[in-house]
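Residue numbers (the numbering used here): 1448 to 1527.
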């Protein structure tokens, strides 16, 4: 399971690289305002928050996986 999570971290890095790629960001570079904020700034902060949120989710999942593995290891030591 830990390998699956590390693969998802790799996918997250690729997603972040795509989100902050200048050709993608240029799509949102306009003079239009949303809630009084330029679209590019709003896009940058939303994309940034998305990457941080996904990173936190994966870190929590990885931490739970490691804790479960330690509990299994401790349980097998006491059985032997």
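In this text, a Cβ means the ideal position worked out from N, Cα and C, and glycines have one as well. All values derive from a computational prediction rather than experimental measurement.
Residue interval of the alpha helix (DSSP H) (run including residue i)
i: residue 1471; result: 1469-1472
Sub-8 angstroms separation of residue i and residue j beta-carbons
i: residue 1465; j: residue 1474; result: no
Top-ranked residue by Cα proximity to residue i, from the options
i: residue 1456; options: 1468, 1504 and 1515; result: 1504
Can we say the stretch 1477-1493 touches the stretch 1504-1517, given the rule of at least three CB pairs closer than 8 angstroms? Flag = no, the stretch 1477-1493 and the stretch 1504-1517 do not touch.
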